[in-house]
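Participant:
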Amino acid sequence: MNVNQQPHMASPYGQPQPGYQGYPQPGYGGDNVPSGYPAQYAPYNGPGSAYQQGPPQGYSPYASFPSKTLTTNLVSDLSSSSPLDLGMRGPPTSGAPPVSGAQNYSQFGQGETQNGPPPMVAPPQRPPVSQPYTPAAVNLPGPQPTYGQQYGAPPVSMQQMTNQMASMQVGSTAPSPAGPGYAPQSFPQAPPVSQPPFSTAQVQPGPTQSYGRPLPSTQPSFPRPPLPTSQPSAFPAGPPPTSTPSQLPGVIQPQPPVSQPPPYHSGPPPTSTGFPPRPPFHGMQGLPMTSQGPPMASQGPPMASQGPPMASQGPPMGSQGPPMASQGPQMGSQGPPMGSQGPPMAQANHILPTQPGMPPGPINTSLSGPPPQPGMQGYPAQQNGAFGQVRGPQPGYTGPYPGQQNYGAPSTAPAPAPAAPKRLDPDSIPSPQASDMPPVQKTRHRIDPDAIPSPIQVIEDDKANKGSEPFTTGVRGQAPPLVTTKFQVKDQGNASPRYIRCTSYNMPCNSDMAKQSQVPLAAVIKPLAPLPPDETPPYLVDHGESGPIRCNRCKAYMCPYMQFIEGGRRFQCGFCSCVTEVPPHYFQHLDHTGKRVDCYDRPELSMGSYEFMTTVDYCKNNKFPQPPAFIFLIDVSYNAVKNGMVGIVCQELKTLLDYLPRENPDVESNIRVGFVTYNKVLHFYNVKASLAQPQMMVVSDVADMFVPLLDGFLVNVSESRVVIESLLDQIPEMFADTRETETVFGPVIQAGLEALKAADCAGKLFVFHSSLPIAEAPGKLKNREDKKLVGTDKEKSLFQPQVSFYNTLAKECVAQGCCVDLFLFPNQYVDVATLGVVPTSTGGSIYKYTYFQAPSDQERFLNDLRRDVQKQMGFDAVMRVRTSTGIRVTDFFGSFFMSNTTDVELAGLDCDKTVTVEFKHDDKLSEETGALMQCAVLYTSCSGQRRLRIHNMAVNCCSQLADLYRNCETDTIINYFAKYAYRSILSSPTKNVRDSLMNQCAQILACYRKNCASPSSAGQLILPECMKLLPVYLNCVLKSDVLQPGADVSLDDRAYLRQLVSTMDVAESHVFFYPRLLPLQKLDVESMTLPMAVRDSEERLSRGGVYLLENGLNIFLWVGVSAQQELLQNIFGTPAFSQIDSNMTSLPALDNPFSKSLREIIESVRAQRSRYMKLMVVKQEDKLELIFKHFLVEDKNNNGGASYVDFLCHMHKEIRQLLS
């Protein structure tokens, strides 16, 4: 058989191979792998020695790939690192043990949960999520870079290798040690290129690794990991091809056209991947990877080499040196050993498959690692960020190798002795220069999008791993499930992730390490977040007249991190270590472990979140607050009346006032209400209960605003209902024929503020406004929209307020506790950047309904208004975040006002608002104690009670970069980056902001590559497992309308989105930047579960399908031009595509199961979001399709935004420049 021939493979999206249903393999445990693998394999003990064989005759490593090349050979370190070749490696997300169980080495026995405060001892590191997938570098035949490590006897001859290859089983039967999910993709039809392989790695003298069989290992072997349990297959389009390069002799399978070189593997498995058979090498063969879908680099020839050698592959070293380091087995070893850090992980990739006919390596159990722990499904010990065979101790990493203080930086040259192989210094790997490349390499070649990390795969894997078990918060530093996973939280001493999410759950011990990694250290805090019905809201604790117990020095509130000493008479603060006397009424004895005997009866000693009743000392002017008031201020100018807004608001308020917020649903709300209408002048209404008709008072002196009446302006709804209803009926009639087009705005807010001052209470103003305030009055504005400034250095001025009047006004509002919510109904420019100053400084919200038309927009507006009026909120709030010694809060993002550097002041704080805080080091942290933060929010509840809500969070600290990268949360990092960037455009040109974001991302990934990934060629892009989606999500932020607007995006829209994102929580920012796209033709009416989402790219849409796309602000229903008639009949009631009305904003209620299910899905999706999403029907090839395509964020966009594939290649280039 010709070795260059493409092996046959099942058609890319055809029927799955027999026995392959989303990787059902024998369960983890002792079952033997099909195809007769013996139970144990020799571990990978570091690069092997003593095998130096030239490329097999007649076989060029680059044969059978198209001749276009990618300038980058991406490897994503998708395991903890996934090499993308653009080979990638990373732990398969789907196979990892659920991280939600407390980490295995924690001090609780298995199955126990910890009650009460989190231990102060750092629990073991979180296992790299879903690790099983080897970053085995792609395997090239031919000499490998030399490493000092014996690997075993080489196969005798080329013939023997070929025979072994031919006898290998492929596909679903033989699991690939590399772990499911990443096989390099091969591209057929390329003329065989006959250059010798060349390597960019400096070849170190010494033996190389041998390929054909498990070698007798000089180091002890590990028990062979069990196969991945069956996971539902999660590939975007149809059943995935089998997950390994097929090795059946003979048939050449035509490939689907590929589009763009696959940067790396981590999405659904590439479509048919045929590879020239090659000598098997550890970690390269079968097991479907558990991790992200597409087979990764670990299974086959390097992706990078997919064509002629990729540009990044570099000049031939010396003569025909060994193939690139990255292509060799070393990929398998990415990263220092992690065994020492965490629960054993199942590494499907840490094993050498024995080929039929080859004896397994000697088995030596002396080092077989900790026994599999419960819940971990028997994964072998995870090596540090690595996905190859288990390696011996490496210098520079934590664990049993003491004395290394260089944050996991690579150490010196490889040691000759196999005992403790040293690592190659990645810095020594030269990046190839373009001039050194053979000409054929300079052309580009298309990366297969299936080969790069797929957001959908990661989301699905997380649901499979963490969606079934409750997430208990008792273990410090444990990363929660993703925001896209449905899970239940059990509070056992740390705040629920619904209240606080961190960018990293393992903070660097010192500032040098933080600077080196560039990973932002931040927390996204949502203090009043709503909880699902099956979770208990925070308990209310009353400590009586003396108020909450606090530390004497730093004023932190009593929490699980306080240590009671001296028999319970004093406590030591976990934040500042100061010792404080326990008040006599709070005294309690300690048990034999030093805990108070009433620990579990007191929420403040055992829970992460709770509330305290406060005393009068916590109130303004030392007196308890009055209940808050709501004032409705309605624009009655010509535009507002004509578009129907005035009539709709007045009609809705008649019923809405019965739903004002209240703490107890059985008691009526004690919030008082008032009404004002305005155009160029203001009209106040007296709606006192004793009046027969409401009275109107007009204030025309808008330059000096005052409230003309005190008694009768703010009233109780139930007492004045008749008068209020009469007023709301009359307002639309009174102004029906108005000709007044000009409006004021500043005096309107002043009027509401003065009314609250007069009533001596806090409250909220609901302002319904339609146009730019050009009438003579304080806060008058002019139209300054200038498209010519977009993209210039002066563009930033357009996002800053036009006049300082509103900043001063905002400050006065905050002092009174006056929160402003603004509903805008513009038909042209209204200067949202300026009008939004007061809402965004007072903790309010802005809602914008451009070109409002009652028939189509009324439903969205009314739903937003109802939710805004009814939602739980706090008034006159102050928030402070305290931290333990070593870090401090340095920056804040959100809608609030700050008069000093520590207190976040919010006139109103509702259940949707988040405040993002950034931390910096001011001293060293210790791994034993970790880092603590306590968020305390003092607010007035809607019933008028003054309360304190407390959220506590403890995270781990690490002295190794590998641990930092293993415990990051990409969604939270992106939330922080978006807020940081959106604020930066106030002071810098958008291009500079985009460049600095890209640069920071490249630095984060380059630092990982340099310090945590094992050496491999510069041609590979290696991404940390937890961050393999950082490039795709960051690209979505960079090409968003705010940072890279299209010609059709108005300045007002950009200002609106900028302010909207500043208060988003992580779930909202995730779907906003990477919308959810559901294929409705796959909807199963019986099960009522949502179909699995597909990736946001036009090539994922089928002409015969119907898709639902949502981003938190809009819902689109895209209908393919050849959708089945039955499907159309079920949804729209018409079988003809041409008869579908694309102006409909709600689906007809048809009497069939599909229609019912679809309408329920749309309702449930809307219920998850804080704003009501209007439905738009988009027919394929219709004019509206341009708007829809704007949300397909993996594709290039019209504003010049890069596609995911192109951006990944760009990031790889940036990383290589940083490393060289």
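In my numbering, the protein residues as written are 15 to 1234. Think of the CB as a built atom: it goes at the ideal place given N, C-alpha and C, for glycine as much as any other residue. These numbers come from a predicted model, not from an experiment.
Helix, strand or coil, according to DSSP, for P194 in the structure here?
Facilitator: The pLDDT assigned to P194 is 37, lower than 50, so where the model puts this residue is not dependable, and the model offers no usable value.
Participant: Is H1224 helix, strand or coil when you go by DSSP?
Facilitator: H1224 falls in the helix class under three-state DSSP.
Participant: Measure the C-alpha to C-alpha separation of S855 and Q1095 and round it to an integer number of angstroms.
Facilitator: Approximately 45 Å between the Cα atoms of the pair.
Participant: Going along the chain, which unbroken runs of the alpha helix (DSSP H) with 4 or more residues stay wholly within the stretch 863-936?
Facilitator: For the stretch 863-936, whole alpha helix (DSSP H) runs of length 4 or above, ordered along the chain, are 868-884.
Participant: Does Y1186 come out as helix, strand or coil in the three-state DSSP assignment?
Facilitator: It is coil, neither helix nor strand.
Participant: Pull up the CB-CB distance for L1161 and G1134, whole angstroms please, since I reckon it's below 8 Å.
Facilitator: At roughly 17 Å, the Cβ-Cβ gap does not stay under 8 Å, so L1161 and G1134 are not in contact.
Participant: In chain order, what are the residue ranges of uninterrupted alpha helix (DSSP H) at least 4 long that sit wholly in the stretch 623-670?
Facilitator: Complete alpha helix (DSSP H) runs here, min 4: 652-656 and 659-670.
Participant: Let me know the secondary structure DSSP gives C982 once reduced to three states.
Facilitator: Three-state result, C982: strand.
Participant: Along the alpha helix (DSSP H) that carries Y513, what are the first and last residues, could you check?
Facilitator: Note, Y513: premise wrong, no alpha helix (DSSP H); not H, not E.
Participant: Does the structure place the stretch 931-941 close enough to the stretch 616-625 that three or more beta carbon pairs sit under 8 Å?
Facilitator: Cβ pair count under 8 Å is below three, so no.
Participant: Keeping to the same chain, check which residues put their C-beta closer than 7 Å to that of A1016; ignore five residues upstream and five downstream.
Facilitator: Cβ within range, chain order: M1225, E1228, I1229 and L1232.
Participant: So for F991, helix, strand or coil by DSSP?
Facilitator: Here F991 sits in helix by DSSP.
Participant: If contacts are defined as beta-carbon pairs under 8 Å, then A769 and I645 qualify, I think. What distance do you get, rounded to the angstrom?
Facilitator: Between I645 and A769 the Cβ distance is about 6 Å, and since that is below 8 Å, they are a contact.
Participant: When you compare the stretch 536-550 with the stretch 584-593, are there three or more beta-carbon pairs, one atom per stretch, that lie closer than 8 Å?
Facilitator: No, the stretch 536-550 does not touch the stretch 584-593.
Participant: What does DSSP give as the partner residues of R961 in its beta bridges?
Facilitator: Partner(s): M627 and Y953.
Participant: Return helix, strand or coil for V783, following the three-state DSSP convention.
Facilitator: Residue identity check: residue 783 is His in the sequence provided, not Val. Three-state result, H783: strand.
Participant: Can the beta-carbon of L767 be found less than 8 Å from the beta-carbon of C832?
Facilitator: A contact, by the Cβ cut-off of 8 Å.
Participant: Please confirm whether A921 and C827 have their CB atoms less than 8 Å apart.
Facilitator: Cβ atoms of A921 and C827: closer than 8 Å.
Participant: Less than 7 Å between C-beta atoms, sequence neighbours within five positions excluded: which residues of the same chain meet that for E549?
Facilitator: Closer than 7 Å at the Cβ level, and outside the excluded window around E549, lie Q502 and V503.
Participant: Return helix, strand or coil for D835, following the three-state DSSP convention.
Facilitator: Here D835 sits in strand by DSSP.
Participant: Going straight from the alpha carbon of N730 to that of L674, what length do you get?
Facilitator: Answer to the nearest angstrom: the Cα atoms are 11 Å apart.
Participant: For the 8 Å Cβ check, are there 3 or more pairs between the stretch 675-685 and the stretch 633-651?
Facilitator: Yes, they touch.
Participant: In terms of DSSP beta bridges, what is S518 paired with?
Facilitator: C982, per the DSSP bridge assignment.
Participant: Could you tell me how far apart the beta carbons of V903 and M912 are, in whole angstroms, since I believe they sit closer than 8 Å?
Facilitator: Not really, about 11 Å apart at Cβ, beyond 8 Å.
Participant: Can you give me the Cβ contacts of F1221 inside the same chain, cut-off strictly under 7 Å, excluding the 5 residues immediately before and after it?
Facilitator: The residues are P1045 and N1049.
Participant: Take K1203 as the anchor and find which of S1136, E1174, C1223 and W1132 has the nearest alpha-carbon.
Facilitator: Closest option to K1203, Cα to Cα, is W1132.
Participant: Which residues share a DSSP beta bridge with I579?
Facilitator: Answer by DSSP bridge pairing, in chain order: R584.
Participant: Can you list, in chain order, the residues of its chain with a C-beta nearer than 7 Å to that of R1069? Leave out the 5 residues immediately preceding and following it.
Facilitator: Per the sequence shown, the amino acid found at residue 1069 is Ala instead of Arg. So the list reads F813, V846, A847 and G850, once near-sequence residues are dropped.
Participant: Use the C-beta contact count for Q485: other C-beta atoms within 10 angstroms, 16 or more gives buried, fewer gives exposed.
Facilitator: At residue 485 the sequence reads Phe, which differs from the Gln that was named. Classification for F485: buried.
Participant: For R1008, does the three-state DSSP call read helix, strand or coil?
Facilitator: Reduced to three states, the DSSP call for R1008 is helix.
Participant: DSSP three-state call for T594: helix, strand or coil?
Facilitator: T594: strand per DSSP, three-state reduction.
Participant: State the Cα-Cα distance for the pair R676 and T984, rounded to the nearest angstrom.
Facilitator: Rounded to the nearest angstrom, the two C-alpha atoms are 37 Å apart.
Participant: With C-beta atoms as the reference, is L1052 less than 8 Å away from R1008?
Facilitator: In contact: L1052 and R1008 (Cβ atoms closer than 8 Å).
Participant: Check whether the Cβ of N566 sits closer than 7 Å to any heavy atom of the ligand NAD, and report yes or no.
Facilitator: The ligand NAD is not among the ligands present in this structure, which contains no ligands whatsoever.
Participant: With DSSP run on the structure shown, which of helix, strand or coil describes A772?
Facilitator: The answer is helix: DSSP assigns A772 an H, G or I state.
Participant: Just to confirm the assignment, what range does the alpha helix (DSSP H) spanning T822 have?
Facilitator: Counting along the chain, the alpha helix (DSSP H) containing T822 begins and ends at F819 to Q830.
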